[in-house]
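Since the structure comes first, as structure tokens, the remarks are kept for the end.
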Amino acid sequence: MTIETLSGSDVPTSGLLDGSLTRIVNSTYPFEKILQQELLWCLSCMKYPSNDESINYIKTLNEKILKHPNFIECLKKRVLEWVEENPTSNWQYKIASSKQNLYPYPSFSAALQAHVRTLFRKPIARILCALERLSAIKTFFCVSDQTKSKNGNYEKLLKFWEQIYIDEKIVKIEDIPSPKPDGYNMMAGSLLDLEFPFSFYIMKQIDSFKRHYEEEITILQKDNGKIDAKTNELYDYVIEDHLKDFKNKLFMSIPQLKNSPLEWEWASELYFNDFVTVIVSKDGEKKNKKMLTLILRLLIGTDKMCQPIFLHSYWWRNANEVLALLQLAQISPIIIKDIEIQGNAIVRGSLEKYLIKEVTKLMLQRICGNFEGSENAHLIDKWQHDVTKVLYLVNKITKAKNLPDLQLLRIVNDLVAAKTIPLDSIKEIVQL
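Here the numbering used here is used: the sequence shown runs in plain steps of one and ends on residue 1525.
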């Protein structure tokens, strides 16, 4: 026999005994209160790569979730669905008849509450894990906060987030194991600040068609009538016509794309920003997001950068060249700064040629500097190392392999390496 203690409880025992779990969390023991008590534990189940960063991140996430009632409502909806699909019969009786369940708590009411919290931990932690792996939680906050400024467009974007969220095939929790502290390994990508709802998921879905796209392009390249003799590449109109058909196939396979906010220019620009964010975060390399954004804008144009399917297909075809351009730009950031200020006027139609020409000029100017004396010998080695890097990167860029300045840089590099001609004579060659 169990006798209820005389200590007071803000949750009446009668309310915990009467009705289903759904009714209890909608009245007697509100879901919001359960979440407040269990959220930090649920978040601690996610193990991020960086411990110091993750501790602060989890604290921030905990605070923000509790400040967003509309997110809590979304969470509640999925949790209650899970409870309905995983019913527990006679759970109150099982608690009452088990010393193991009763003794750790000061009252029967406290024991019942603990059971409810433990039960709700499972779906809450799993849902949060699924959302984090899709980098979707912070996106919700970003979009939701924008709606507070009475931006009607963001209201539509928030509805799109909710529409994707309720799709159990996307935010899947059935394959996620039962939660425990540090039990869910999270990728570094979970810490990304993304602006478009579920953009990370959409990117992965589109990228899953990369091989199919490349196979179709390979078939087109076998038709000589579709190849531009000057560039030895497919005509632009061939690529564009093929992309229309390819886009239709994607819409059939990824229904979330059709009639989605991605068709709105302002929203697709958010997707473009996320696309660049994901690229610069890959491979653990430190890349300059602002610089890559500018390079892509100049290469593909503002109008096409807001077309997600085009953006992906362009990246599939040209990723190596674009990343090579980015590395060249990072050698001398002042070059990109000039481009940023003066725009297309300074590039004159070919970013590749302009960038390579400027970097080459920089390398040739450096060899004309003061390398005299043994204390400066290491500067020659550094110059050769940098030139080797430049030539390696340029070799990846089809449009600029035969620039005259580049040919001169190769010759000068060979002469410096051979050490058969005095450096002063090499400088004279450069200054001709």
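C-beta atoms are modelled at their ideal positions from N, C-alpha and C, and glycine is treated no differently.
So, is A1322 buried or exposed, given that buried needs 16 or more other C-beta atoms within 10 angstroms?
Numbered from its first residue, the sequence shown carries residue 1322 at position 229. Counting other Cβ atoms within 10 Å of its Cβ, A1322 stays below 16 and is therefore classed as exposed.
L1284 versus P1162, K1520, S1374 and R1219, residue with shortest Cα-Cα distance
Here residue 1284 refers to the residue found at position 191 when the sequence shown is read from its first residue. For the residues P1162, K1520, S1374 and R1219, the minimum Cα distance to L1284 belongs to S1374.
D1316 versus W1409: straight-line alpha-carbon distance, rounded
One-based indexing of the sequence shown puts residue 1316 at position 223. One-based indexing of the sequence shown puts residue 1409 at position 316. A straight line joining the alpha-carbon of D1316 with that of W1409 spans about 21 angstroms.
Counting only runs that start and end within the region 1325-1392, where is the alpha helix (DSSP H) found for 4 or more residues in a row?
Listed in chain order, the complete alpha helix (DSSP H) runs (minimum 4 residues) inside the region 1325-1392 are 1329-1346 and 1358-1374.
On the criterion of 16 or more Cβ atoms from any shown chain inside 10 Å, does R1503 qualify as buried, or is it exposed?
Locating residue 1503 in the sequence shown gives position 410, counting from the first residue. A residue is called buried once 16 or more other Cβ atoms fall within 10 Å of its Cβ, and R1503, having fewer, is exposed.
Does the Cβ-Cβ distance between L1109 and S1202 come in under 8 angstroms?
Along the sequence shown, one-based indexing puts residue 1109 at 16. Along the sequence shown, one-based indexing puts residue 1202 at 109. Yes, the Cβ-Cβ distance between L1109 and S1202 is below 8 angstroms.
Could you check the C-alpha separation between I1428 and L1455 for me, to the nearest Å?
In the sequence shown, counting from the first residue as 1, residue 1428 sits at position 335. In the sequence shown, counting from the first residue as 1, residue 1455 sits at position 362. Distance between the alpha carbons of I1428 and L1455: 10 angstroms.
Quick one: using the 10 Å Cβ neighbour count with 16 as the cut-off for buried, is W1175 buried or exposed?
As a first step, residue 1175 is located in the sequence shown; it is residue number 82 there, counting from the start. That one is buried.
Within 10 Å of its beta-carbon, does T1324 have 16 or more other beta-carbons around it, so buried, or fewer, so exposed?
Counting from one through the sequence shown, the residue named residue 1324 turns up at place 231. T1324 is exposed by the Cβ-count criterion.
Reducing DSSP to helix, strand and coil, say where K1140 ends up.
As a working mapping, residue 1140 is identified with position 47 in the sequence shown. Three-state result, K1140: strand.
With T1370 and K1382 assumed to form a contact (beta carbons below 8 angstroms), what rounded beta-carbon distance in angstroms separates them?
Taking the sequence shown and counting its residues from 1, the one referred to as residue 1370 is at position 277. Taking the sequence shown and counting its residues from 1, the one referred to as residue 1382 is at position 289. Right, their Cβ atoms sit about 6 angstroms apart.
Where K1520 sits in the DSSP three-state scheme:
Counted from its first residue, the sequence shown places residue 1520 at position 427. K1520 falls in the helix class under three-state DSSP.
Comparing alpha-carbon positions, which option in F1293, K1169 and Y1277 lies nearest D1367?
Taking the sequence shown and counting its residues from 1, the one referred to as residue 1367 is at position 274. Selected option, being the one with the closest Cα: F1293.
For a minimum of 3 consecutive residues, which ranges assigned as the beta strand (DSSP E) are wholly contained in the region 1166-1242?
The qualifying runs do not exist here; there are none.
Hey, V1104 and Q1206: beta-carbon distance below 8 angstroms or not?
Residue numbering aside, residue 1104 sits at position 11 when the sequence shown is read from its first letter. Residue numbering aside, residue 1206 sits at position 113 when the sequence shown is read from its first letter. In this structure, V1104 places its C-beta atom within 8 angstroms of the C-beta atom of Q1206.
What are the uninterrupted segments assigned as beta strand (DSSP E) that are 3 or more residues long and contained completely in the region 1288-1326, given in chain order?
At a cut-off of 3 residues, not a single continuous stretch assigned as beta strand (DSSP E) sits fully inside the region 1288-1326.
Could you please give the first and the last residue of the uninterrupted alpha helix (DSSP H) stretch that includes M1398?
Walking along the sequence shown from the start, residue 1398 turns up at place 305. Counting along the chain, the unbroken alpha helix (DSSP H) around M1398 starts and ends at T1395 to M1398.
Return the chain-ordered ranges of every alpha helix (DSSP H) run that is complete within the region 1417-1455 and spans a minimum of 4 residues.
Entirely contained in the region 1417-1455, the alpha helix (DSSP H) runs reaching 4 residues are, in chain order, 1426-1435 and 1437-1440.
Spatial neighbours of H1405 in its chain, beta-carbon cut-off 6 angstroms, leaving aside the 5 residues before and after
Locating residue 1405 in the sequence shown gives position 312, where the first residue counts as 1. Excluding sequence neighbours, H1405 sits near I1299.
In DSSP terms, what Y1150 is bridged to:
One-based indexing of the sequence shown puts residue 1150 at position 57. DSSP, once it has assigned bridges, lists no residue as partnering Y1150.
If you follow the alpha helix (DSSP H) that L1496 is part of, which residue opens it and which one closes it?
For this step, residue 1496 is matched to residue 403 along the sequence shown. It is not in any alpha helix (DSSP H) - L1496 carries neither H nor E in the DSSP assignment.
Distance, Cα to Cα, K1252 vs M1398?
Counting from one through the sequence shown, the residue named residue 1252 turns up at place 159. Counting from one through the sequence shown, the residue named residue 1398 turns up at place 305. Straight-line Cα distance between these residues: approximately 24 angstroms.
Tell me the DSSP bridge mates of Y1277?
Working through the sequence shown from its first residue, we reach residue 1277 at position 184. Y1277 pairs with M1139.
Hey, could you find the ends of the alpha helix (DSSP H) K1249 is sitting in?
As a position in the sequence shown, residue 1249 is number 156, starting the count at 1. Under the DSSP assignment, K1249 falls in the alpha helix (DSSP H) whose first and last residues are G1245 to Y1258.
In whole angstroms, what separates the C-alpha of V1452 from that of V1483?
In the sequence shown, counting from the first residue as 1, residue 1452 sits at position 359. In the sequence shown, counting from the first residue as 1, residue 1483 sits at position 390. Distance between the alpha carbons of V1452 and V1483: 8 angstroms.
By the 10 Å Cβ neighbour count, where 16 or more other Cβ atoms means buried, how is I1312 classified, buried or exposed?
Sequence index remark: in the sequence shown, residue 1312 carries index 219 (1-based). That one is exposed.
Rounded to the nearest angstrom, what separates F1403 and K1446 at their Cα positions?
Working through the sequence shown from its first residue, we reach residue 1403 at position 310. Working through the sequence shown from its first residue, we reach residue 1446 at position 353. Cα to Cα, the separation comes out at about 23 angstroms.
Starting from I1114 and walking both ways along the alpha helix (DSSP H), at which residues does that stretch end?
Here the question's residue 1114 lines up with position 21 in the sequence shown. In the sequence on display, residue 1114 carries Leu and not Ile. Its alpha helix (DSSP H) spans residues L1114 to V1118.
With a threshold of 16 other CB atoms inside 10 Å of the CB of T1153, please say whether the residue is buried or exposed.
The count along the sequence shown starts at 1 and reaches residue 1153 at position 60. It counts as exposed.
I1063 and L1419 look like a contact to me (Cβ under 8 angstroms); what is the Cβ gap, rounded to whole Å?
It is not possible to answer for residue 1063, since the shown part of the chain is limited to 1094 through 1525.
Am I right that S1228 and L1287 are in contact with their C-beta atoms under 8 angstroms? What's the rounded C-beta distance?
Taking the first residue of the sequence shown as position 1, residue 1228 is located at position 135. Taking the first residue of the sequence shown as position 1, residue 1287 is located at position 194. Confirmed, Cβ separation roughly 5 angstroms.
With contact counted as at least three CB pairs below 8 angstroms, one residue from each stretch, are the region 1132-1152 and the region 1181-1197 in contact?
Taking a contact to require three or more Cβ pairs closer than 8 angstroms, the region 1132-1152 and the region 1181-1197 do not qualify as touching.
Cutting at 7 angstroms between CB atoms, please list the residues of its own chain near A1204, excluding the five before and the five after it.
Against the sequence shown, residue 1204 aligns to sequence position 111. Setting aside the 5 residues that flank it on each side, A1204 is surrounded in the same chain by I1188, N1194, L1195 and Y1198, each with a C-beta closer than 7 angstroms to its C-beta; the list follows chain order.
Kindly indicate which residue of I1424, D1479, R1219 and G1394 has the alpha-carbon position closest to the one of S1443.
For the purposes of this step, residue 1443 is taken as residue 350 along the sequence shown, with counting starting at 1. Nearest C-alpha to S1443: G1394.
N1352: buried (16+ other C-beta within 10 angstroms of its C-beta) or exposed?
To locate residue 1352, count along the sequence shown from 1; it is residue 259. If you draw a 10 Å sphere on the C-beta of N1352, you find fewer than 16 other C-beta atoms in it, and that means exposed.
I need the DSSP call for H1405, collapsed to helix, strand or coil.
As a working note, residue 1405 is residue 312 in the sequence shown. Judged by DSSP in its simplified three-state form, H1405 adopts helix.
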